[in-house]
Structure formats: structure tokens, C-alpha cells
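S.K.: Going by the working numbering, the letters in the sequence shown line up with residues 49 to 522, in that order. Even for Gly, the Cβ is constructed at its ideal location relative to N, Cα and C.
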Amino acid sequence: MGGQMLGLGMSFIRNIIVARLISTDDFGIASTFFISISLFEMISNLSVDRLLVQAEDGDGPEFQATAQAFQALRGAANSLLMFLLAWPFSRLFDIPQALWAFQCVALVPLIRGFVHLDPKRLHREMRFGRDVLSELLPQTVALALAWPLAKWFGNYAAMLWLLVAQAAAMVIVSQVTSVRRYAWAWNRALFARMAKFGWPLLLNGVLMFLIWQGDRVLVGSAYDMTQLALYSVAMTVTAAPTDLLSRASSVVLLPPLARAQNNAERFAELYGFLAQALSLGGIVVAVFFIILGPGLVELLYGARYAGVGPFIGWFAVMQMLRLIRTVPTTAALAKGDTVACFTANVARAACLPVLVILATSTRPLEWLAVAGCVGEVAALGTILMRMRVRHGLASNIAIIPAIFSLCATMSAGAATLVTKQGIGLDRLSALCGVLVTSFLGGLLFFPHLRFHLFVLMRKPTLLSARTDSRQQGP
């Protein structure tokens, strides 16, 4: 988790450096590169890396080689499509001068297709060091190049070549840190299994793009590039910590949950711990950005980005709800139920027509963020219902922490009404007050969290050790 935190921190600093050295319009154009890359990544993702961890025979060399062959083919196909669609993309966002850049961005998926999957496979053995390196070192390269490239180009081209350099570094590091030799294989039976496992996630990827990038597409096409830059900054700074917590919790607890999938008592115990822990994590993130977010963005990115104030708090609430949804999502994946993710995102995408109406009528950007929060509530309710009906997990295991989290964010919102804007002593005091109260309330009302915090303080490896011992039987 420390490595992921450092990686996200470096990505965050890289974006700040580039944002300060180029105009807001250019940063908005740079945001469209992320949108185009995300489109093809999400709509072609069969999550074979997850299958390497989840499948009983996922440790086999032929299984891994077949997955790597698929990744390479996927990268080449995505690269070709991105190049062919560069002109429509540049016209959609009304930035014809960036046509060449959209064509060059097509290099990113082509390069990423050669990433070695061995660091992912080692998650089966709870060995995460090599994967951390394969994520961390490319971020280090991008951070080191951020200032010289931004100064040299002085426009959106800096972010373009940073993305290409980071993709190349990712491939090199994954190859160097791997245990097995990089290889391809073609096994029809394994491909069929990967397709069966991944097709719901593939459809889910389409929905995820519409959910997490669709609003930015609407902002980029209906508003100007400056508004897209503000919207992207607010989304990025609030998403970074929740992405960290979501990834870390999924990586650490997916294997124990998968091993406990046939032990209902132990599975429910881990599920409750995850729900309560991520509830407190979401509170920390949401309360922080509700109270200090506007002043922090202006301090880090400059006065040009002061316009994020009206909607960054709503983004924080949306990310908190998304983090809480990680709980049933991880549990569903541990059970091999990839359809659950798809059904939840169908509910989340139901707010898209509302977003289209709001964007085309150029309503204030905070309206779009509020609509996203409503969509997250619908998605959470949908997946909790499926987990209750299909897997027998009581919905209140996650609903109670979610309600607790919303109460904390309402307290933070009330605090902003009676304190001055910026990062003053009154705001810092309000932040500490809400967080301390939330933590104490969590210890009082969350028994799974209270128990695991106590035992982990005595023995840090107890979580994984207890999981293995429970699988041996009583």
C-alpha cells in the first residue's frame, strides 16, 4: 500500500507541475488524452490479470502465456483504432490543432500490450513487491521528466510524451522484475475461459467509461477546455486517494476472500471488516476535501484553478460512495461473480441521460457532480441486493457503514458554512473535530473493525494467518 501511495503521490505531483507550466486550455486538451486512452482500455479489458489470481490453475505457465498473448493483441488493436479515430476525437472536442497528438497517443496502448503479467501472478502468493516496483518506477520516470518536458514544449504536448515515456518504462520494469521468461501461447480452451470470466467485466468496462469518463466527454464537448481542466482537476484530486484505498483493499483482501469463499462465517467476517474499514477511509477522504479541498487546489495548482470550489465537495462524496461500493464488488469477484459488477454499473449509468441534459443546457458543473452522487447510491443499492439474494450476505453489513459515512460528510458540510474559506485555523479545527468524532464513532459501532485493529496491533500478519488457519477447518 505504501508503494501505491507513493506512486499516486508522484502522479499527483506530476500533474501539478504540468498544470502550473501550461495554460488551463492546454491542460484541458491534455485531459482529453486520458479520456481517449481510458475509452479503449475500459472497453477491451477482460481482466485476465484478475483471473490469474482467482483461478485455481492461474499459476500455470501456459495460462499466463496465453493471457500475455491476449494482452499484446488487445494493445495492437486498441492502438490501430485510436489512430483511425483521432480525427473524430479532435472534432468532438473542437480542437483540430491537436489531431497529430491524438494520433501519437495511439502509441500508449501498443506499448502497454507488452507488459509482463508475472508481477500480477505473484499476488496469488501474497507477494506484491514486484508489482509495486512495476507501478512505482514508471511513475518515477514520468515525474522526473515532467518539469523538463513542460518547460520545453510549454503546451499539451508535454503530457502526451509523458504518457508515452511512462508506458515504455512500465513495460521495461515489468520485464526486468519478472520471475518467469516472457512468453506467448495460444490455447483455445483457456481463451474461452478468459472470455467467459471477462465478458461481464468487458461490458462493465463500457459502462465504467461512460460513468467515469462520459461526464468529462460531455464537459469537453459542451463547455470550453478551461472548464474541462477545472472539472478534471477536481475529479483527479478526489479520485487519487480513493483509488489508492480501493486498489490496496482489493489486492490485499481479494486472495483471502477467494480462499474463504466456501467458508460462510469467515467470508462474512472479512466482508464486514472491509466494509467498516473502507467506510472510515472514505470519511477521511471526503471530509478532507469538503473542508479543505477548494483552498488546497488553489494553493497547489494556482489561482487559475480556484473555480473548483463549488463542486469539489460533491466529487468527494461521490468518491466516498464509490469506495464503499468496492466492498461488495471485491466480495463478488472473490466468489467469481463478475456479473455483479456489471449490474451495479448499469444502475450507476442510469443517471447518464440526466448528465446529457445538464451538460447540453450548460448547467453549473456542480449539478453534474450531484447527479453522479445519486448514481452511486443507486449502484451501491443494486450490488448489495444481488449479494444478499445470490450469496446470502446481509445488506446491512455495508449499509450501516455507508449511512455512518454520509452522516460524517453532512457534518463536514455544515462546518464549511460556519468557517471562512481557505486553509485557516478554523477549517483545520473543523477537520480534526469531524475526523476524531468519526474515528471514535467507528470504534464504537464497528465491531469487526474494532476487533481487527486490536489484533493487528498485536500481530500485523494476523489477517492473512487467520484466513489460512480458518481454511484448514475447526
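Looking at the structure shown, is Leu-347 part of a helix, part of a strand, or coil, going by DSSP?
M.R.: It is helical.
S.K.: Do Phe-257 and Leu-128 have their beta-carbon atoms positioned less than 8 Å apart in this structure?
M.R.: No; because the gap between Cβ atoms is not below 8 Å, this pair is not in contact.
S.K.: Does Ser-443 come out as helix, strand or coil in the three-state DSSP assignment?
M.R.: Correct three-state label for Ser-443: coil.
S.K.: Less than 8 Å between the C-beta atoms of Gln-214 and Val-189, yes or no?
M.R.: In this structure, Val-189 lies closer than 8 Å to Gln-214 by Cβ.
S.K.: Can you name the start and end residues of the alpha helix (DSSP H) that Asn-126 belongs to?
M.R.: Asn-126 -> alpha helix (DSSP H) spans 109-132.
S.K.: Please name the residue in Gly-57, Val-425, Leu-465, Ala-270 whose C-alpha comes closest to that of Arg-139.
M.R.: Checking every option, the nearest Cα to that of Arg-139 belongs to Ala-270.
S.K.: Hey, is the segment 116-124 in contact with the segment 91-101, meaning 3+ C-beta pairs nearer than 8 Å?
M.R.: Yes, the segment 116-124 touches the segment 91-101.
S.K.: Could you check whether His-496 and Gly-343 sit closer than 8 Å to each other, using their CB atoms as the reference points?
M.R.: No, the Cβ-Cβ distance between Gly-343 and His-496 is not below 8 Å.
S.K.: Have a look at Arg-498 and Gly-108 and give me their C-alpha separation to the nearest angstrom.
M.R.: Going from the Cα of Arg-498 to the Cα of Gly-108 covers about 39 Å.
S.K.: From Ser-280 to Val-422, what does the alpha carbon distance come to, in whole angstroms?
M.R.: The straight-line gap from Cα to Cα measures roughly 20 Å.
S.K.: Based on Cα-Cα distance, which residue from Trp-195, Ser-182, Phe-239 lies nearest to Thr-46?
M.R.: No answer is possible for residue 46: it lies beyond the span of the chain, which begins at 49 and ends at 522.
S.K.: Look at the Cβ atom of Arg-434, then the Cβ atom of Ala-379, and state whether they are nearer than 8 Å.
M.R.: Not a contact, by the Cβ cut-off of 8 Å.
S.K.: For Trp-362, count neighbouring C-beta atoms within 10 Å of its own C-beta (all shown protein chains included) and say buried if the count is 16 or more, exposed if not.
M.R.: That one is buried.
S.K.: Would you be able to state if there are at least three C-beta pairs under 8 Å between the segment 187-206 and the segment 238-257?
M.R.: The segment 238-257 vs the segment 187-206: no contact.
S.K.: Identify which residue in Ala-442, Arg-175, Asn-63, Asp-74 has its Cα closest to the Cα of Val-299.
M.R.: Among Ala-442, Arg-175, Asn-63, Asp-74, the Cα nearest to that of Val-299 belongs to Arg-175.
S.K.: Should the segment 459-471 be regarded as contacting the segment 414-431, the criterion being three or more beta carbon pairs within less than 8 Å?
M.R.: Judged by Cβ distances under 8 Å, the segment 459-471 makes no contact with the segment 414-431, as fewer than three pairs qualify.
S.K.: Given Val-254, which residues of its chain have a CB within under 6 Å of its CB, disregarding the five upstream and five downstream residues?
M.R.: The answer, listed in chain order, is Ile-91.
S.K.: Can you look up Gln-309 in the DSSP assignment and give me helix, strand or coil?
M.R.: Here Gln-309 sits in coil by DSSP.
S.K.: Can you tell me where the alpha helix (DSSP H) with Trp-148 in it begins and where it stops?
M.R.: Looking at the DSSP string, the run of the alpha helix (DSSP H) that includes Trp-148 is 147-153.
S.K.: Alpha carbons only, please: which of Thr-72, Arg-307, Leu-250 is nearest the one belonging to His-171?
M.R.: The shortest C-alpha separation from His-171 is found at Arg-307.
S.K.: Does Ala-237 pass the burial test, meaning 16 or more other C-beta atoms within 10 Å, or should it be called exposed?
M.R.: Exposed is the call here.
S.K.: Taking only the alpha-carbon atoms, compute the straight-line gap between Ala-67 and Tyr-230 and give it to the nearest angstrom.
M.R.: C-alpha separation (whole angstroms): 37 Å.
S.K.: Measuring only the C-alpha atoms, how far is Phe-494 from Gly-481?
M.R.: Going by the C-alpha atoms only, they are around 19 Å apart.
S.K.: Kindly provide the ranges of any alpha helix (DSSP H) runs that are 4 or more residues long and lie completely inside the segment 242-325, ordered along the chain.
M.R.: For the segment 242-325, whole alpha helix (DSSP H) runs of length 4 or above, ordered along the chain, are 262-270, 273-307.
S.K.: Could you tell me if Ala-351 is buried or exposed, where buried requires 16 or more neighbouring beta carbons within 10 angstroms of its beta carbon?
M.R.: Exposed, by the Cβ-count rule.
S.K.: Relative to the alpha-carbon of Val-335, which residue among Ile-360, Leu-491, Glu-317 has its alpha-carbon at the smallest distance?
M.R.: If we check each option's Cα against that of Val-335, Ile-360 comes out closest.
S.K.: Hey, would you say Tyr-349 sits closer than 8 Å to Ile-77, going by beta carbons?
M.R.: Cβ atoms of Tyr-349 and Ile-77: not closer than 8 Å.
S.K.: Tell me the DSSP secondary structure of Ser-92 in three-state form.
M.R.: Three-state result, Ser-92: coil.
S.K.: Quick test of your reading: Arg-264 and Ile-83, contact by CB under 8 Å. State the CB separation rounded to the nearest angstrom.
M.R.: Rounded, the Cβ-Cβ distance is 6 Å, consistent with contact.
S.K.: Between the C-alpha atoms of Ala-392 and Gly-246, what's the straight-line distance to the nearest angstrom?
M.R.: Straight-line Cα distance between these residues: approximately 16 Å.
S.K.: Is Arg-175 a contact residue of the ligand NAD, with contact defined as CB to any heavy atom under 7 Å?
M.R.: Absence of the ligand NAD is noted for the structure shown, with no ligands found whatsoever.
S.K.: Using the rule of at least 16 other Cβ atoms within 10 Å of the residue's Cβ for burial, across every protein chain shown, is Ile-405 buried or exposed?
M.R.: Ile-405 is exposed by the Cβ-count criterion.
S.K.: Could you pull out every residue in the same chain whose Cβ sits closer than 7 Å to the Cβ of Ser-222, ignoring the five residues on either side in sequence?
M.R.: Only Val-163, His-164, Pro-167, Ser-182 meet the Cβ criterion.
S.K.: Verify the CB distance criterion: does Glu-424 have a CB-CB separation below 8 Å to chain D?
M.R.: In the displayed structure, chain D is absent; only one protein chain is listed.
S.K.: Between which residues of its own chain and Thr-286 is the CB-CB distance below 6 Å, once the five residues before and five after are set aside?
M.R.: The residues are Phe-337, Phe-363, Ala-364, Gln-367.
S.K.: Between the beta-carbon of Ser-453 and the beta-carbon of Gly-330, is there less than 8 Å?
M.R.: Yes; because the gap between Cβ atoms is below 8 Å, this pair is in contact.
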